[in-house]
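Asks:
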Amino acid sequence: MAAVPKRPPLPAILLANDLLDGDVVFASVAASGALVWTRDPALALVAADDAAAARLEAYAVSEFAAQHVVDAYLVDIAIEAGRPVPRHYRERMKTLGPSNRPDLGKQAGDGIAAERRV
Numbered sequence: 009m010a011a012v013p014k015r016p017p018l019p020a021i022l023l024a025n026d027l028l029d030g031d032v033v034f035a036s037v038a039a040s041g042a043l044v045w046t047r048d049p050a051l052a053l054v055a056a057d058d059a060a061a062a063r064l065e066a067y068a069v070s071e072f073a074a075q076h077v078v079d080a081y082l083v084d085i086a087i088e089a090g091r092p093v094p095r096h097y098r099e100r101m102k103t104l105g106p107s108n109r110p111d112l113g114k115q116a117g118d119g120i121a122a123e124r125r126v
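Using this note's numbering, read the sequence shown as starting at 9 and increasing by one per residue.
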């Protein structure tokens, strides 16, 4: 039997990689209330309690099964200036893009869509 991964401390966000283009995506909520993927980390849905974290985990499982995303997992965050910011370096880099080219990637505003269904 496989070990169940340990859930990170809350609050947390769900991030994954889009299966088709490999870009980092974040679980967000559409105006309809449905969960969707967005490339903008500022729009990530923050799970502040166990029920919200379980909802995000269930979404990750269903989206992986539908072959929309890979490597989906919860990331513990801090709220800085009203935005969710991952606490760990690896995930911070995923939210920004290439560290050696600040003129490219999410930190330059490239490739961020308001919301996207994968």
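C-beta: ideal position from N, C-alpha, C; glycine also. These numbers were taken from a predicted model, which means no experiment stands behind them.
1) Can you say whether D57 is buried or exposed, counting buried as having 16 or more other CB atoms within 10 angstroms of its CB?
2) Need the endpoints of the alpha helix (DSSP H) that S70 sits in, please.
3) Please state if the CB of A61 and the CB of A52 are separated by a distance shorter than 8 Å.
4) Would you please state the rounded distance, in angstroms, between the beta carbons of A50 and R91? I believe it to be under 8 Å.
5) Look at A42 and D84 and say whether their C-beta atoms are less than 8 Å apart.
6) Residues in the same chain with beta-carbon distance under 8 Å from V33, minus the five sequence neighbours each way, listed in chain order, please.
Replies: Let me lay it out:
1) exposed
2) 58-73
3) For the 8 Å CB-CB criterion, A52 and A61 do not form a contact.
4) 5 Å
5) no
6) Apart from the 5 residues on each side of it in sequence, V33 sits with its Cβ closer than 8 Å to the Cβ of L23, A24, N25, D26, W45, T46, R47, V77, R124, V126 in its chain, given in chain order.
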